[in-house]
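The structure appears below as structure tokens.
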Amino acid sequence: MSSSLSLLAATDFSAPARHALERAAQLAAAHPGAQLTLTHVISTSMLARLRGVMRDEAPAMETRLADETEQALTELAARLSTQYACPVNTRLSQGSALDAINDLADELQSNLLVMGARGAHFVREFLLGSTTERVLRRTRRPMLAVKQRPQGAYRRVLVPVDFSVHAVAAAQTAHRWLPDAEIILLHAFEVDIEGTLRFASIDEEKIHAYRVRAREEALDAMAQFVDLLSIPSGQLTRLVVHGAPTLRILEHEQSLDADLIVMGKHGQSMLEELLLGSVTKHILAYSSSDVLVAGHPA
């Protein structure tokens, strides 16, 4: 790995965010020379509410808030640096979290953003969408959404693939950050006309034949896909299964005991820049394990 790798981890000081910081430090420590920056954004809307309540005392309170937040961020960085033996920097800013995090990632040329999958305001996030999801929609960089407290390095990584360039980016991103992990490539296929055939009372034997043919085509596509990757074959496991992708991914996450899922940001049917692929969005919402969403292909 290059010595110029940069990781940016955002925190709101919640428990999920602390888990994200620990995972970011673990990843930084695993790649000598990597630079980890912790950031917290003081919300301008929160400051406006403070001014409305405190009035004349607001300036002093803002200064105190900034000082105490800076101290908390510095203490977090010092603890992580000691625990994981890696350099950790801090950046405190004010504004919109969405804008500030993306702007800082651009400034630092971050190779990976790391955030907790949920923040301190779970109910509001459920209704309006989490900061993590909104940052992910906008960024073109790889982003790790952390759901679990780190229990050691990632060892078994599930990479769902649809054979698109985004799936290639996902597999390569997984190997780049986790060169020693087992990488399981999972393709879930469906027979598009299966429902129509059943509606037309086509017998099960013919439907099965269509499914067998679709599976053979998927296996051929998987072989071609693997040839595109710069990953040692001994680290790869290939799985081709029949069924709806989201359901099969979640099932195999559990049955394979995967501790990380790596997704492409979009699949074959990308509609526009700010939309997440529907499968990726569902996996972010319903998986138990952490989810890394690869950046856009070069």
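Its first residue numbered 1, the sequence shown is counted upward by one per residue in full-length UniProt numbering. Where a beta carbon is used, it is the ideal one built from N, C-alpha and C, also for glycine. This structure is a prediction, so every number in the text was calculated from the model and none was measured.
On the CB-based measure, 16 or more other CB atoms within 10 Å of its CB, does residue i come out buried or exposed?
| i | result |
| --- | --- |
| Val279 | buried |
| Ala174 | buried |
| Arg64 | exposed |
| Gly33 | exposed |
| Ser289 | buried |
| Ser233 | exposed |
| Leu80 | buried |
| Gln35 | buried |
| Lys265 | buried |
| Phe126 | Since pLDDT at Phe126 reaches only 39, below the 50 mark, its modelled position is unreliable, and no value is offered. |
What does the alpha-carbon distance come out to for the pair residue i and residue j?
| i | j | result |
| --- | --- | --- |
| Ala30 | Val114 | 15 Å |
| Gln94 | Leu38 | 14 Å |
| Val168 | Ile184 | 13 Å |
| Ala20 | Thr69 | 18 Å |
| Gln83 | Thr132 | 26 Å |
| Glu182 | Ser130 | 30 Å |
| Leu42 | Gly243 | The sequence shown places Ile at residue 42, rather than the Leu named in the question. The alpha-carbon atoms of Ile42 and Gly243 are separated by roughly 45 Å. |
| Ile16 | Phe163 | It is Pro, not Ile, that sits at residue 16 in the sequence shown. When rounded, the distance between both Cα atoms is 33 Å. |
| Glu75 | Arg23 | 17 Å |
| Ser14 | Gln148 | 13 Å |
| Ala285 | Arg248 | 15 Å |
| Ser230 | Glu62 | 51 Å |
| Tyr210 | Phe189 | 12 Å |
| Ser287 | Leu256 | 13 Å |
| Arg134 | Val159 | 23 Å |
| Val165 | Ser6 | 24 Å |
Can you round the beta-carbon distance between residue i and residue j to whole angstroms, since I take them to be within the 8 Å contact cut?
| i | j | result |
| --- | --- | --- |
| Leu239 | His252 | 7 Å |
| Leu136 | Val293 | 6 Å |
Who does residue i pair with in a DSSP beta bridge?
| i | result |
| --- | --- |
| Phe189 | His242 |
| Leu222 | Note that residue 222 is Met in the sequence shown, not Leu. None, per the DSSP bridge assignment. |
| Ile231 | Bridge partners of Ile231: none, in fact. |
| Ser255 | Answer is none; Ser255 lacks a bridge partner. |
Quick one: any contact between the region 212-231 and the region 100-111, if contact means 3 or more CB pairs under 8 Å? Touching, no.
Taking three-plus beta-carbon pairs below 8 Å as touching, is the region 144-158 in contact with the region 174-183? Yes: the two stretches touch, three or more of their Cβ pairs being nearer than 8 Å.
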